[in-house]
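>
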Amino acid sequence: MDSKSSPVEMFFFPYVGGGHQIPMVDIARIFAAHGAKSTIITSPKHALSFQKSINRNQQSGLPITIKTLHLPDDIEIPDTDMSATPRTDTSMLQEPLKSLLVDSRPDCIVHDMFHHWSADVINSMNIPRIVFNGNCCFSRCILENVRKYKPHEKVSSDYEPFVVPGLPDKIELTALSFRFEEKSFGIVVNSFYDLEPAYVEYFKQDLGNDKAWFVGPVSLCNRNIEDKAERGQKTSIDEGKILSFLDSKETNSVLYISFGSLARLSPEQLLEIAYGLEASNHSFIWVVGKIFQSPGTRKENGIEENWLPSGFEERMGESKRGLIIRGWAPQLLILEHTAVGGFMTHCGWNSTLESVSAGVPMVTWPITAEQFSNEKLISDVLKIGVKVGSVNWVSWSTEPSAAVGRDKVEVAVKRLMGTGEEAAEMRRRAGELGEKAKNAVEEGGSSFIDAEALLQELKSLSRI
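Counting in UniProt numbering, the sequence shown runs from 1 upward without gaps.
1) Is the Cβ-Cβ distance between His20 and Phe203 less than 9 Å?
2) Please state whether DSSP places Val287 in a helix, a strand or coil.
3) What does a CB cutoff of less than 8 Å around Gly302 pick up in its chain, not counting 5 residues either side in sequence?
4) Would you tell me roughly how many angstroms separate the C-alpha atoms of Pro400 and Leu332, rounded to the nearest one?
5) In the DSSP assignment, the alpha helix (DSSP H) including Val121 goes from what residue to what residue?
6) Pull the bridge partners of Leu11 from the DSSP assignment, please.
7) Quick one: measure Cβ to Cβ for Cys137 and Glu196, integer angstroms, because I've assumed they're closer than 8 Å.
8) For the beta strand (DSSP E) that contains Tyr275, what are its first and last residues?
9) Buried or exposed: where does Gly134 fall if 16 or more other Cβ atoms within 10 Å of its Cβ makes it buried?
10) To the nearest angstrom, how far is the alpha carbon of Gly405 from that of Met426?
11) Compare the Cα-Cα distances from residue 477 to each of Ser124, Lys154 and Asn222 and report the closest residue.
12) Less than 9 Å separating the beta-carbons of Pro7 and Pro63?
13) Locate the alpha helix (DSSP H) running through Lys211, then write down its first and last residues.
14) For the beta strand (DSSP E) that contains Val215, what are its first and last residues?
15) Would you kindly report the start and end of the unbroken alpha helix (DSSP H) that includes Leu243?
16) Specify the secondary structure class of Tyr149 as computed by DSSP and reduced to three states.
17) For Ile142 versus Lys376, is the C-beta distance shorter than 9 Å?
18) Using three-state DSSP, classify Lys387 as helix, strand or coil.
19) Would DSSP call Leu255 helix, strand or coil?
20) Shortest alpha-carbon distance to Phe11 belongs to which of Gly17, Arg315, Val189 and Arg29?
21) So which of Arg264, Arg326, Ile273 and Asn281 has the shortest CA-CA distance to residue 511?
22) Tell me which same chain residues have a C-beta within less than 8 Å of the C-beta of Leu455, skipping the five on either side of it?
23) Candidates Asp238, Pro161, Ser261 and Asn281: which alpha carbon is nearest Gly418's?
24) Closest to Glu435 by CA distance: which of Glu354, Leu69, Ser5 and Asp206 is it?
25) Where does Val391 land, buried or exposed, given buried means 16+ other C-beta within 10 angstroms?
26) Less than 8 Å between the CB atoms is what I'm expecting for Ala403 and Gln269, so what's the real figure, rounded?
27) How many whole angstroms separate the CB atoms of Thr352 and Thr345, which I take to be in contact at a CB cut-off of 8 Å?
28) In the DSSP assignment, find the beta strand (DSSP E) that holds Phe343 and state where it starts and stops.
29) Drop a sphere of 10 angstroms on the beta-carbon of Glu230, count the other beta-carbons inside from all chains shown, and report buried for 16 or more, exposed for fewer.
30) Considering only residues of the stretch 50 to 100, which uninterrupted beta strand (DSSP E) runs meet the minimum length of 3 residues and lie entirely inside it, listed in chain order?
31) Candidates Gly216, Glu153, His152 and His116: which alpha carbon is nearest Lys438's?
32) Taking the C-alpha atoms as reference points, what is the distance between Gly208 and Thr85?
33) What does a CB cutoff of less than 6 Å around Lys320 pick up in its chain, not counting 5 residues either side in sequence?
34) By how many angstroms is the C-alpha of Glu239 removed from the C-alpha of Ile334?
35) Based on the DSSP secondary-structure assignment, which residues constitute the bridge partners of Met362?
36) Reducing DSSP to helix, strand and coil, say where Val16 ends up.
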């Protein structure tokens, strides 16, 4: 940017769920590093989860601040533990946001699509509005073409696969739910050109989305151990214990397992995962997140109070084969450790891109949202993943089942973590993508250039 001119002023309005809030905060930090005056708009309670990292940014000289919206007494958005679903109501922020925009007029606002009401408020103030939806370009191209060609209407059931027409690759899916954002000034995407070049070109040229800026992987702006350890929330166990476990293991020998902050697996499914992991005979770190509990299931079928097979945790601890974390885990610290050679993931885009950035191949286990599209990118296009066999799309409100048995878990883990040619080739490809990810955000890289291009476009708008 031109140091002699006034900096671009950008507001960032993240959603309250961890999967969307965390990358939006990182995007604000990235644009501050490019010289923009970045302001993160949030509620007082949600600011607590990233206040420390922003304080460190300010101490290092970055022009970034947090602006909390004043809410009426005794009113607060629920789910401050990062688990807010897309249905969480944030409309109590509507009037406070409008009042803020009356007093302050930034050059643009980057807002999350799950603040469903925010587009009307921002448009009414005639402020350029940039949408963030948390997805990659690949899944967006799929959504656009499913909407355009309607192939899901030509199959006889939700389970019958259909080919999505018009894409650079042959992509087969089953019927899913789709969502599209309203027309805006543009979109900012947490991805990078070399990860999905054919789909970036297709999205911009064939689908006409020329106002799209690819600025990821945004997680790579977290460079010190404090930011990585506290990203999202403070880890539920001491990170020193995690690092000590990993330091004791050989390179690429540990499988990391996490299904994100929203997924709720059934106790029966956890049991199948545990048996599959034990049978695989590979070391692992398993983050056991939210668990769906229905009456009468907790102690059935040999499941203990902690949802694991009898003696499982003790056996894993004594053999030093497994470490189980209940709650929040420092995912970046874990994935970037050289001992980690695989990631069993729900294919949420943040987790997918963090795994790519760390050069770690995946066992793919999609559950909902665009995760099945992401699985296609990981396994069929990039060829850095092994499908575990999850085929049932589950909504946030649906009671989950044990859809994937222990045998499938064992087979997938052995394929990814083994010493054969297939596993070695996936690790090689993942490693190459990890290097490309790091290059993208450095000066002269594609994401660095896109961030600068957006700032220049906003500067030209402010002169009109």
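All C-beta atoms in this analysis are idealised placements derived from N, C-alpha and C, irrespective of residue type, glycine included. Small disclaimer: the values here were computed from a predicted structure and weren't measured.
This is what the structure holds:
1) In this structure, Phe203 does not lie closer than 9 Å to His20 by Cβ.
2) Looking at Val287 - three-state DSSP - the assignment turns out to be strand.
3) Reliability fails at Gly302, whose pLDDT of 40 lies under 50, so the model's placement of it is uncertain and the value that follows must be treated cautiously. Contacts found: Leu271, Pro309 and Ser310.
4) Straight-line Cα distance between these residues: approximately 28 Å.
5) Membership of Val121 in the alpha helix (DSSP H) is indicated by the continuous run Ser118 to Ser124.
6) Checking the sequence shown, residue 11 turns out to be Phe, not Leu. Phe11 pairs with Thr39 and Ile109.
7) About 5 Å separates the two Cβ atoms, so the contact holds.
8) For Tyr275, no beta strand (DSSP E) encloses it; the enclosing alpha helix (DSSP H) starts and ends at Pro267 to Ser280.
9) Buried, by the Cβ-count rule.
10) Whole-angstrom Cα-Cα distance: 24 Å.
11) The chain is shown from 1 up to 464; residue 477 falls before or after that span and cannot be answered.
12) Taking 9 Å as the cut-off, the Cβ atoms of Pro7 and Pro63 count as close.
13) Premise fails: Lys211 is in no alpha helix (DSSP H) and is neither H nor E.
14) Per DSSP, Val215 belongs to no beta strand (DSSP E) and is neither H nor E.
15) Per DSSP, the unbroken alpha helix (DSSP H) holding Leu243 starts and ends at Glu239 to Asp247.
16) Of the three classes helix, strand and coil, the one that applies to Tyr149 here is helix, per DSSP.
17) In this structure, the beta-carbon distance from Ile142 to Lys376 falls below 9 Å.
18) Three-state result, Lys387: strand.
19) In the structure shown, the three-state DSSP call for Leu255 is strand.
20) Taking Phe11 as reference, the option from Gly17, Arg315, Val189 and Arg29 with the minimal CA-CA separation is Arg29.
21) One cannot answer for residue 511 here, as it falls past the ends of the chain, which runs 1 to 464.
22) Met1, Val8, Phe31, His34, Gly35 and Ala36, listed in sequence order.
23) The option with the nearest alpha carbon to Gly418 is Asn281.
24) It is Glu354 whose Cα lies nearest to the Cα of Glu435.
25) Under this definition Val391 is an exposed residue.
26) Yes, they are in contact, since the Cβ atoms of Ala403 and Gln269 sit about 7 Å apart, within 8 Å.
27) With a contact defined as Cβ atoms closer than 8 Å, Thr352 and Thr345 qualify at about 7 Å.
28) From DSSP, the beta strand (DSSP E) with Phe343 extends over Val340 to Thr345.
29) So Glu230 counts as buried.
30) Whole beta strand (DSSP E) segments, 3+ residues: 64 to 68.
31) Among Gly216, Glu153, His152 and His116, the Cα nearest to that of Lys438 is on Gly216.
32) Looking at the two C-alpha atoms, the distance is approximately 30 Å.
33) Within the same chain, no Cβ atom closer than 6 Å to the Cβ of Lys320 is found once the five residues on either side in sequence are excluded.
34) So the alpha carbons of these two residues sit roughly 9 Å apart.
35) Met362 pairs with Phe343 and Gly385.
36) Val16 falls in the coil class under three-state DSSP.
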